[in-house]
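S.K.: Here it is, the structure in full.
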Amino acid sequence: MSIFDILKTPDINEGLRAFHSENDAVLLDVRTTEEYNEGHIPESVNIPLSDIHSISSVISNHNVPLFVYCHSGARSRQAAGELKKMGYTQIKNIGGITGYRGKVEK
């Protein structure tokens, strides 16, 4: 790993391909409810970063693959760290919706 790898941001489109190849995976949008309602990736579940500690009421299986995204990638990185501390084992930060090239739902 080089110093430049630290600066590399995840490609949300690659992350979504990986999400679609996993059985029982969850696509987790950690933006605010308002942002989510303005447009989100189909099949995603919204749990805002501020509410991430309530995730176990929605996703109780700590071994389910979680693919996390937000607006730019910063909140999804934070959420991934919190989820790991909470005992979730398969977390992938896929970055921000700003790089997404697909259809959005409202």
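Sequence positions in the sequence shown follow the numbering used here and run 66 to 171.
All C-beta atoms in this analysis are idealised placements derived from N, C-alpha and C, irrespective of residue type, glycine included.
All of these numbers come straight from a predicted model, not from anything done at the bench.
Could you tell me whether the stretch 127-142 touches the stretch 89-102, where touching means 3 or more Cβ pairs closer than 8 Å?
M.R.: Yes: at least three Cβ pairs fall under 8 Å.
S.K.: Return the CA-CA distance between Ile156 and Lys149, expressed in angstroms with no decimal places.
M.R.: Looking up residue 156 in the sequence shown gives position 91. Looking up residue 149 in the sequence shown gives position 84. Going by the C-alpha atoms only, they are around 7 Å apart.
S.K.: What residue does the beta strand (DSSP E) around Ile156 start on, and which one ends it?
M.R.: Against the sequence shown, residue 156 aligns to sequence position 91. First-last of the beta strand (DSSP E) with Ile156: 156-161.
S.K.: Helix, strand or coil: how does DSSP classify His119 here?
M.R.: What you label residue 119 is simply residue 54 of the sequence shown in a count that begins at 1. The sequence shown places Ser at residue 119, rather than the His named in the question. Three-state result, Ser119: helix.
S.K.: Return helix, strand or coil for Glu87, following the three-state DSSP convention.
M.R.: Within the sequence shown, the letter at position 22 stands for residue 87. Coil.
S.K.: On the DSSP letters alone, give me the boundaries of the alpha helix (DSSP H) that Asn102 sits inside.
M.R.: Locating residue 102 in the sequence shown gives position 37, where the first residue counts as 1. Start and end: 98-103.
S.K.: Excluding the five sequence neighbours on either side, which residues of its own chain have a C-beta within less than 6 Å of the C-beta of Ile120, listed in chain order?
M.R.: As a first step, residue 120 must be located in the sequence shown, where it is residue number 55. Cβ neighbours of Ile120 beyond the five flanking positions: Ile112.
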